[in-house]
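Participant: Line by line, the protein sequences are chains L and F. Our numbering puts the first residue of the first sequence at 167, with every later residue one more than the last. Our numbering puts the first residue of the second sequence at 66, with every later residue one more than the last. Questions regarding the structure given below will be posed in turn.
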Amino acid sequence: MINKTILALIVCVSTAYSQDELAVKIIKTVTEIMSPENMKSIGTQTITTSSGKQRTFEFESYTGGKGESSLTRYTKPASIRGQAFLTLNNANDIWTYFPRTKRVRKLASHAKKQKVQGSDFTYEDMGGGDVFLKKFIPKYLGEENKNEALCWKVELIGIQEEEPPYPRIIMWARKSDYAPVYLDYYDESGFNMKSLSLEDIKDVEGYPTAMKMIMTDHKERSSTSMETLEVTYKWEPPKDFFSERNLQK
Amino acid sequence: MRERLIKRMANLAVNRTKLMIWIMAGVTVVLGALSGGISMSPKWSDMLPAGDRRTIEFDRILEEFQSASSIVVVAQGPEVEIKAFAEDLAPRLLKPLSVPGKDMEPHIYVRRVDYKTEVDFIKEHGFMLMKEDDLDNLKDVFQDPGLVGLLTNMNNSFEKEYIQPDESISSREEEDGAVIFLNGIDSWLGELKQTLAKGQIEPSAAEAAVDKLLLGEPYFLSYDHEALILNVVPTFSMVDTYLMVDGTDAVQGVVTELLKSYPNVQAGLTGSIPLGRDEMVYGTQGIGLSMILSFIAIGALLFMAFKMWVAPLLALLNLFIGLIWAAGLVAIFVPVLNIMTAMFIVILLGLGIDFSIHVISTFTEMRGKGLPLSEAMEAGLLKSGKGVSTGALTTAVAFLALMIGDSRAMSEMGLVTAIGLIAVMISSFVVLPTFLAIREKRLDKRLALKGSNIQQKKSDLTFKSMGRAAAILQNHPWKTLLGLVVLTGLFFVSAKRISFNYNYMDLEPEGIPSITLQDTVQDKFDLSMDFAYLVAESVDEARELTRKAKTLPSVASVDDISTYLPSLEQQARRRPHIEEVRKMISAKQIKRIDQKDLPTLVSELERLEMNIMEFQSMSFLGGQDKIFNRAKKIVGGMEETSANTIFTKIYELFKQDKAQLVNRLNIFQEAYADYFRSSVLKMAGTDTLTLETLPESVLDRYASRDRTLFLTTVLPSGNIWQDFQFLATFTDDLDTISNRSTGMPPVFRALMDVVARDGKNAALLTIVLVYILLLIDFKHFGIALLAMLPLATGAIWMVGIMDLLGLQLDVVNVMALPLILGIGIDDGVHIVHRWRLEGARSASTVFASTGKAVLLTSVTTMLAFGSMMFSAYRGYASLSYALIIGVGACFFTTVILLPAIMGIADREKEKA
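Structural data, given as structure tokens:
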């Protein structure tokens with residue numbers, strides 16, 4: 167009887183251990199495929215204005231250093247053509263350029279938790295890097311079908327000292343290629359404040375790339391859709407590309 | 066027993082006619098007088114169970130809080146004119162008012178008119194009412210009243226605010242704050258421009274500009290400044306039904322009269338009181354005329370069917386008396402009708418006429434066979450009486466089954482219609498035979514006077530063609546049944562698809578001001594008028610409820626007394642910031658402007674312009690339309706390179722002679738700076754705010770009459786009518802913070818739940834009770850079931866046809882489903898009764914005679930229900946469509962299904 171109990175305990179402990187290992191492995195792989203060294207893309211972003219109208223912007227986006235730096239420049243509509251945002255140090259420093267006044271202004275560092283131009287994404291959501299690995303402890307929750315794919319389901323519990331962007335995230339990543347297809351973001355009270363759906367995932371130069379991302383804010387009852395029109399990872403940023411000077415070009 | 070009673074009635078009608086007339090007249094006078102006591106309540110909460118927490122709370126709020134019953138005057142037009150209109154209107158409303166078209170003594174209907182913010186209170190405690198973060202951000206603006214200093218500090222503050230824009234202006238509350246700030250700057254720049262152009266400024270204009278900068282817009286203006294709201298607090302509440310109508314009409318009268326002096330202004334009334342008034346007035350407005358039309362149409366139909374003018378006249382007269390009896394009895398049991406029960410007369414009109422038709426139909430049939438009056442009366446009443454009494458009792462029992470429900474909408478409807486139906490049935494057995502006897506006696510007398518031995522010409526009034534059609538169906542029963550099953554299957558598929566329209570606004574009258582102005586208020590002020598209420602028993606509880614409500618996902622904004630009464634802790638935290646402002650501005654000397662200040666001034670003006678442009682760009686990207694539109698008015702559109710803005714005009718004015726420019730700048734500075742300083746010092750009061758220090762107008766708005774309860778108003782973040790899921794989320798969210806939430810959204814949601822539950826229970830009970838009654842009547846399981854079959858099939862057809870016609874179920878017409886169970890059963894009962902009387906192979910006779918009556922009753926019922934179709938209140942119209950379809954469907958299933966089953970039964974009998 168005692169032997170059986172010990173055996174059961176060993177099985178439980180080893181299963182738990184292996185599941186934690188699996189969770190770390192999943193998140194590592196997800197981080198790898200989500201953080202290409204560099205990226206250049208053209209996309210659109212559709213927001214809902216405070217009077218309920220839909221507004222679509224087109225932009226060029228550049229990221230470097232596995233998402234550590236990024237530059238987004240709006241191209242459409244004409245009224246905001248040239249307005250650009252530069253984020254450095256994983257969105258810790260954010261700069262913006264206004265072509266109409268020709269001024270570059272720095273946003274405060276804590277702006278990274280704030281929404282990007284009326285969308286439901288925060289600057290931090292847009293940043294890449296190894297935030298999932300550094301600021302969260304992953305926990306394997308099993309397999310589940312999500313967005314029409316068999317997925318790993320992993321819970322990410324924020325490490326308080328690391329100031330995680332969210333206290334808790336649940337992620338579904340495709341078993342076939344580790345591409346994340348869905349993320350639920352929770353606040354301190356356990357409320358599922360936002361959900362990100364990654365759709366129309368295509369293999370682009372070896373990276374599974376979501377051509378459409380929909381972020382839904384359950385509190386504000388709003389959603390923002392971002393679509394990628396063109397993308398390449400075979401782009402090398404010129405020297406000083408991610409700089410205040412380049413922001414104004 | 067029933068037979069004995071019927072024979073007795075026939076005997077009394079023929080042989081004791083005068084006595085019967087006196088009895089009828091007495092009963093009619095008494096019940097007619099009683100019916101005058103019926104009143105109507107337009108409150109939706111009156112349809113919920115009497116003990117429902119939302120009903121109790123809503124009634125308590127209406128009773129305790131003056132602000133819960135309001136008349137909102139919405140004025141639209143040029144800003145200057147709508148402000149003047151408001152100033153002119155407010156004092157007029159406070160006087161004793163006459164009701165247009167009514168010869169009454171003028172009466173005071175209005176307690177207060179709110180059309181400006183609490184300016185005096187904010188002037189004295191403005192900083193204490195500001196959030197600590199805002200104080201910290203904005204305090205620099207208040208430290209230097211001098212022109213250069215003020216512009217510089219304004220820019221610094223702008224850029225400081227701009228540094229963290231999203232959090233601070235993401236919510237509606239914060240967006241509004243930014244708009245107020247831009248409005249203040251716009252107004253202040255406007256006065257600067259005027260002074261630079263004219264070299265003078267009125268002190269009042271400078272003071273108004275400073276007030277706008279420091280306090281914001283005093284009037285309740287829309288974002289585009291083209292609409293203004295006056296909140297008229299009446300001396301009565303929604304509970305006072307008659308005052309509600311008179312008070313609204315009196316206020317409308319003053320508004321209409323005043324509008325003659327303001328040709329560019331348009332104004333109308335909305336809010337809970339005008340809406341309630343309109344629901345009452347417009348709800349019944351179309352019905353009166355269309356009921357008369359229905360009477361005429363029913364009369365014409367009966368004339369054609371019976372080929373004599375007196376039959377319809379007697380039928381309608383009997384119905385009229387029956388309705389008076391019904392109203393009198395209803396007044397005893399349910400003296401206050403709600404939105405649903407108010408329709409009982411129309412329903413009785415539709416059903417009550419049927420009794421007359423059956424009685425007249427069989428009576429004329431008997432007379433047609435040449436029977437003398439007393440025999441014809443007895444035989445006729447015996448033939449129709451069983452069907453009429455069974456039908457009426459079955460329908461009444463079906464209606465009474467509605468009383469199983471908790472909701473007053475359903476239970477009172479059941480009681481009222483059941484009582485009314487019994488009253489009309491009794492009148493059909495008492496009044497109608499008496500009238501028929503009088504008429505026949507007069508005819509006989511006239512013929513006798515003429516000395517003629519010839520009997521009246523008695524024509525055959527049966528519908529032979531209907532009988533022939535039934536005989537064909539009877540002869541091909543299986544084919545008929547197959548066709549019916551296929552058709553019913555199709556309708557069943559369609560019925561399952563029918564959707565439910567939760568939008569309460571779709572039930573309201575279309576195009577009336579109280580409704581359309583709600584949309585105007587929503588569009589222009591971004592303000593929903595469908596808010597929920599929470600009641601607190603202390604200011605601290607109200608503050609806590611507000612704090613919790615603001616965290617709810619479904620809540621847009623919350624308004625309560627804590628806006629004017631921060632907690633002692635909040636006041637303590639704000640006090641050091643306020644003292645800092647006081648210290649800074651007291652120490653600051655106002656320097657005269659000289660020529661060397663001009664470059665700095667221009668530079669700061671340009672910086673301000675750029676800040677507003679950048680604010681505009683960010684708001685465009687951020688989708689904050691109100692900020693964007695306001696900024697556009699100051700700095701022009703984002704693509705305009707040489708816009709004619711206030712800044713370009715000021716820059717142009719800076720090109721004038723430098724000495725003159727400096728002089729004019731000093732005139733402007735002198736005009737506003739001292740007032741600015743004194744205003745800031747006044748706003749920087751640090752006295753502790755308590756309930757006792759609040760002005761009466763604030764207390765009236767948020768506190769109960771005895772100041773012991775406090776009202777919190779919660780606005781939903783989405784459209785509760787177009788998205789039922791959101792309505793459910795909103796009310797569920799509110800329930801998590803208080804079990805006493807009420808107001809239109811919780812009441813309506815509760816009503817949906819209760820009506821759905823009650824409807825289901827009532828329908829099941831109705832089916833069981835009706836079957837038991839039919840079992841007692843027919844004393845045969847199969848026959849009782851047979852009488853119910855057309856109804857069951859008809860109910861499926863009804864919903865299926867509704868879906869095919871693109872109709873939806875709603876909270877009003879859903880009542881048609883349990884109602885049709887009571888109404889539709891009669892057709893089958895009458896036919897089965899006659900069939901049992903006539904025996905085998907009798908479809909032709911049954912349908913030519915009773916079928917004719919069933920057809921006539923169905924058409925007359927549809928005509929009567931059709932009168933609701935023209936009601937301005939669309940809820941009644943939707944019920945009308947559903948009932949008409951239901952009655953029609955039950956008729957067709959009766960005349961198709963029963964001959965076929967009769968055919969099969971006859972064949973089986975013949976085989977046996």
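Even glycine gets a Cβ: it sits at the ideal position worked out from N, Cα and C. It should be emphasised that the depicted structure is a prediction, and the values quoted were computed from it without experimental measurement.
For M379(L), name the three-state secondary structure that DSSP assigns.
Facilitator: Strand at M379(L).
Participant: Give me the Cα-Cα distance between V924(F) and G889(F), rounded to the nearest whole angstrom.
Facilitator: Taking the straight line from one Cα to the other gives about 13 Å.
Participant: Along the chain, which unbroken stretches of the alpha helix (DSSP H) at least 4 residues long are found entirely within the segment 369-425 of chain F?
Facilitator: Here the runs fully enclosed are 375-398.
Participant: Taking the straight line between their C-alpha atoms, what separation do you get for L215(F) and V206(F)?
Facilitator: If I take the Cα positions, the gap works out to 6 Å.
Participant: State the Cα-Cα distance for the pair E573(F) and S936(F), rounded to the nearest angstrom.
Facilitator: If you take the alpha carbons of E573(F) and S936(F), they lie about 10 Å apart.
Participant: Quick check on K400(L): does DSSP put it in helix, strand or coil?
Facilitator: If DSSP states are grouped into helix, strand and coil, K400(L) belongs with coil.
Participant: If we cut at 7 Å on Cβ distances, does I234(F) have a partner in chain L?
Facilitator: Because the pLDDT of I234(F) is 37, which lies under 50, any placement of that residue in the model is unreliable, and the question is left without a value.
Participant: State the beta-bridge partners of T794(F) as determined by DSSP.
Facilitator: Paired residue(s): none; T794(F) is not in a bridge.
Participant: Figure out for me which residue from L633(F), L324(F), E322(F), P299(F) has the closest Cα to the Cα of G312(F).
Facilitator: Among L633(F), L324(F), E322(F), P299(F), the Cα nearest to that of G312(F) belongs to P299(F).
Participant: Applying the criterion that 16 or more other CB atoms from any shown protein chain within 10 Å of the CB defines a buried residue, is A332(F) buried or exposed?
Facilitator: A332(F) should be labelled buried.
Participant: With burial defined as no fewer than 16 other Cβ atoms inside 10 Å of the residue's Cβ, what is the status of K368(L): buried or exposed?
Facilitator: K368(L) is exposed by the Cβ-count criterion.
Participant: Per DSSP, what are the beta-bridge partners of I260(L) in this structure?
Facilitator: Beta-bridge pairing links I260(L) to T253(L), L273(L).
Participant: Run through chain F and tell me which residues come within less than 8 Å of S216(L), C-beta to C-beta.
Facilitator: Per Cβ cutoff of 8 Å: R237, E240, D591, G688, Q689, D690, K691.
Participant: Below 7 Å between beta carbons is the criterion; list the residues of the segment 236-249 of chain L that meet it against any residue of chain F, in chain order.
Facilitator: For the segment 236-249 of chain L, which is checked against every Cβ of chain F, the residues closer than 7 Å are A244, S245, I246, Q249.
Participant: Which residues, in chain order, does the segment 198-229 of chain L contribute to contact with chain F at a C-beta distance below 8 Å?
Facilitator: Within the segment 198-229 of chain L, the qualifying residues are I213, T214, T215, S216, S217, K219, R221, F223.
Participant: Using 8 Å as the cut-off, can you tell me whether the segment 798-808 of chain F makes contact with the segment 664-680 of chain F, which would need three or more C-beta pairs spanning the two stretches below that distance?
Facilitator: No contact exists between the segment 798-808 of chain F and the segment 664-680 of chain F.
Participant: Mind pulling the chain L residues with CB within less than 7 Å of E704(F)?
Facilitator: The contacting residues are A244, S245.
Participant: Could you have a look at H190(F) and say whether DSSP puts it in helix, strand or coil?
Facilitator: Residue state, collapsed to three classes: helix.
Participant: For K194(L), which residues in the same chain have their Cβ closer than 8 Å to its Cβ, ignoring the five residues on either side in sequence?
Facilitator: So the list reads L299, once near-sequence residues are dropped.
Participant: My output table needs one value for S235(F): the three-state DSSP class, helix, strand or coil.
Facilitator: Bear in mind that a pLDDT of 41 at S235(F), under 50, signals an unreliable position, so the number given afterwards is only what the model happens to contain. Coil.
Participant: Using the Cα positions of L308(F) and P171(F), report the straight-line distance between them to the nearest angstrom.
Facilitator: In a straight line, the C-alpha of L308(F) is about 13 Å away from that of P171(F).
Participant: Roughly how many angstroms separate the alpha carbons of G750(F) and E234(L), rounded to a whole number?
Facilitator: Those two C-alpha atoms are separated by around 49 Å.
Participant: Would the segment 441-450 of chain F count as touching the segment 952-961 of chain F if we require 3 or more Cβ pairs under 8 Å?
Facilitator: Taking 8 Å as the limit for Cβ pairs, the verdict is that the segment 952-961 of chain F does not touch the segment 441-450 of chain F.
Participant: Roughly how many whole angstroms lie between the Cα atoms of A929(F) and V952(F)?
Facilitator: C-alpha separation (whole angstroms): 11 Å.
Participant: From the DSSP output, which residues share a beta bridge with P265(L)?
Facilitator: Paired residue(s): none; P265(L) is not in a bridge.
Participant: State the start and end residues of the unbroken beta strand (DSSP E) segment that holds S236(L).
Facilitator: Where S236(L) is concerned, the enclosing beta strand (DSSP E) stretches over 235-242.
Participant: What span of residues does the beta strand (DSSP E) with D201(F) cover, start to end?
Facilitator: First-last for D201(F): 197-203, but that is the alpha helix (DSSP H), not the beta strand (DSSP E).
Participant: Do T777(F) and D625(F) count as a contact pair if the criterion is CB distance below 7 Å?
Facilitator: It is a contact, given that the beta carbons lie within the stated cut-off.
Participant: Considering only C-alpha positions, which residue in the set E267(F), K510(F), G808(F), D179(F) is nearest to L295(F)?
Facilitator: Among E267(F), K510(F), G808(F), D179(F), the Cα nearest to that of L295(F) is on D179(F).
Participant: Using the three-state DSSP reduction, which class does M39(F) fall into: helix, strand or coil?
Facilitator: Any question about residue 39(F) goes unanswered here, given that chain F covers just 66 to 977.
Participant: Is R334(L) close to chain F? Criterion is C-beta to C-beta, closer than 7 Å.
Facilitator: Not closer than 7 Å to any Cβ of chain F, the Cβ of R334(L) fails to qualify, so no.
Participant: Would you say E679(F) faces chain L, with C-beta separation under 7 Å as the test?
Facilitator: Yes, E679(F) lies at the interface with chain L (some Cβ there is under 7 Å from its Cβ).
Participant: Under a three-way DSSP split, which group does Y348(L) fall into?
Facilitator: Three-state DSSP puts Y348(L) in a strand.
Participant: Under three-state DSSP, which class holds D818(F)?
Facilitator: DSSP places D818(F) in helix when its eight states are reduced to three.
Participant: Can you have a look at V179(L) and say buried or exposed, based on whether 16 or more other CB atoms are within 10 angstroms of its CB?
Facilitator: With a pLDDT of 44 at V179(L), under the threshold of 50, the modelled position of that residue is not reliable, and the figure given next carries that caveat. Exposed, because fewer than 16 other Cβ atoms sit within 10 Å of the Cβ of V179(L).
Participant: Between the C-alpha atoms of G808(F) and D591(F), what's the straight-line distance to the nearest angstrom?
Facilitator: Rounded to the nearest angstrom, the two C-alpha atoms are 19 Å apart.
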